[in-house]
Amino acid sequence: MATEACRQEEQVKLLGWPRSPFLMRVRLALSLKGIHYEFIEDDSENKSELLLKSNPVHKKVPVLFHNGKIVCESMIIVQYIDETWDTNAPNLMPKDPYDRAIARFWAAFVDDKLILSVSGVLVGQGEKQQKAVEESLANFLLLENALRASSCSGNAYFGGHEIGFADIALGGLLVSINAIQKITNMVLIDREKMPLLCAWIDRFSQIDLVTEILPDPAKVLDRLTNQRAKFTSALAGN
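Residue numbers (my numbering): 1 to 238.
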């Protein structure tokens, strides 16, 4: 267990797997808000009793513990953090109701559409993989268009001038997405077709706070390479 300077007045603990992209989302939100917390490392291959008890429905990380309360699911935790420490800058959710709805929409798009298509690229083969590549390209182009609409208002990020809710949803996945492109030798984010998205990735990835939190790319590459190998081996066995 590693401790990251937990305050006496606030008991904040975070349970997760170090290389989980979903854990990265929560760590980004906590760091942006300046919240000190204790990190409890779990084992992805042998889930702890703490994880099974604290998230009996999905049995997944991350899990946030705040003064005895338990919050699960990465983007729900991010919103909880923003609302609980609402006096801590920056605001991760916009103040305007419509802008908040747009932020939630794109965060849900990342979870409901993008992750599925990119995961299909990693574990798929042949026609199934090619279909996943095409779906991923289409999804990234939709994000390119969303950034174009945001940049027309003079914004550097999806929802404003600072990292916000939708940025965290996508940003936590960047190391994994890059690894999947390398493992499969597939281009999912095209610099010529998606200049705004690539500029956003460069801008996001160069922020000191982000570079301190994102996992080691080599370790993520190794984990996802093994994951693809297990999947393809299981398919071959069938």
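For each residue, glycine too, the CB sits at the ideal point set by N, CA and C.
Would you list the one or two residues that DSSP bridges to K13? The sequence position of residue 13 within the sequence shown is 13, counting from 1. Answer by DSSP bridge pairing, in chain order: E38 and F65.
Which of the three DSSP states, helix, strand or coil, is assigned to K230? By 1-based counting over the sequence shown, the position of residue 230 is 230. K230 falls in the helix class under three-state DSSP.
Suppose the cutoff is 7 Å on Cβ atoms and the five residues either side in sequence are ignored; what does the same chain contact list for W85 look like? Along the sequence shown, one-based indexing puts residue 85 at 85. Sequence-distant Cβ neighbours of W85 in its own chain, meaning closer than 7 Å and more than five residues away, are K33 and I35.
Leaving out the 5 sequence neighbours to the left and right, which residues in its chain are closer than 7 Å to A156 when beta-carbon positions are compared? For the purposes of this step, residue 156 is taken as residue 156 along the sequence shown, with counting starting at 1. Once the five neighbours on either side are set aside, the close Cβ partners of A156 are R203.
Neighbour-count burial assignment, R7, 16 or more Cβ in a 10 Å radius: For the purposes of this step, residue 7 is taken as the residue at position 7 of the sequence shown. In this prediction, R7 has a pLDDT of 42, which is less than 50 and means its spatial position is unreliable; what the coordinates show is noted afterwards. By the neighbour-count definition (other C-beta atoms within 10 Å, threshold 16), R7 is an exposed residue.
Identify every run of the alpha helix (DSSP H) within the stretch 95-181, keeping only runs that are complete inside it and at least 4 residues long; order them along the chain. Fully enclosed alpha helix (DSSP H) runs of 4 or longer: 97-109, 115-123, 126-151 and 165-171.
I'd like to check one pair, P56 with V26: are the Cβ atoms closer than 8 Å? Your numbering for residue 26 matches position 26 in the sequence shown. Your numbering for residue 56 matches position 56 in the sequence shown. No.
Considering R203, what are the terminal residues of the alpha helix (DSSP H) in which it resides? Working through the sequence shown from its first residue, we reach residue 203 at position 203. Under the DSSP assignment, R203 falls in the alpha helix (DSSP H) whose first and last residues are P195 to S205.
Of the listed residues S136, R100, L196 and D190, nearest to N145 (C-alpha basis): Numbered from its first residue, the sequence shown carries residue 145 at position 145. The shortest C-alpha separation from N145 is found at L196.
Boundaries (first-last residue) of the alpha helix (DSSP H) holding M24: Along the sequence shown, read from residue 1 onward, the residue named residue 24 stands at position 24. DSSP places M24 inside the alpha helix (DSSP H), whose first and last residues are P21 to K33.
Return the CA-CA distance between L224 and N91, expressed in angstroms with no decimal places. Looking up residue 224 in the sequence shown gives position 224. Looking up residue 91 in the sequence shown gives position 91. For L224 and N91, the distance between alpha carbons rounds to 33 Å.
Status (buried if at least 16 other CB within 10 Å, exposed otherwise) for Y98: Counting from 1 along the sequence shown, the entry for residue 98 is found at position 98. With fewer than 16 other Cβ atoms within 10 Å, it is exposed.
Which of helix, strand or coil DSSP assigns to V57: Taking the first residue of the sequence shown as 1, we reach residue 57 at position 57. DSSP places V57 in coil when its eight states are reduced to three.
Ordered along the chain, which non-local residues of its own chain (more than five positions away) have a Cβ less than 6 Å from that of E162? The count along the sequence shown starts at 1 and reaches residue 162 at position 162. If we look at E162 and ignore the five residues flanking it on each side, its Cβ neighbours are P90.
With a threshold of 6 Å on Cβ separation, who are the neighbours of S48 within its own chain once the five nearest residues in sequence on each side are excluded? In the sequence shown, the residue the question calls residue 48 occupies position 48. Annotation for S48: D42 place their beta carbon closer than 6 Å to its own, counting only its chain and skipping 5 residues before and after.
According to the neighbour-count rule (16 or more other Cβ atoms, all chains shown, within 10 Å of its Cβ), is V66 buried or exposed? Here residue 66 is taken as the residue at index 66 of the sequence shown, counted from 1. Note that residue 66 corresponds to His in the displayed sequence, not to Val. Counting the other CB atoms within 10 Å of its CB gives H66 a total of 16 or more, which places it among the buried residues.
Looking at the structure shown, is I70 part of a helix, part of a strand, or coil, going by DSSP? As a position in the sequence shown, residue 70 is number 70, starting the count at 1. Looking at I70 - three-state DSSP - the assignment turns out to be strand.
Can you look up V314 in the DSSP assignment and give me helix, strand or coil? The chain is shown only over 1 to 238; residue 314 falls outside these bounds and no answer can be derived.
Same chain, Cβ closer than 6 Å to P215, five either side skipped, listed in chain order: Counted from its first residue, the sequence shown places residue 215 at position 215. R19 and V175.
C-alpha gap between I70 and V121, whole angstroms: One-based indexing of the sequence shown puts residue 70 at position 70. One-based indexing of the sequence shown puts residue 121 at position 121. Rounded to whole angstroms, I70 to V121 spans 34 Å at the Cα level.
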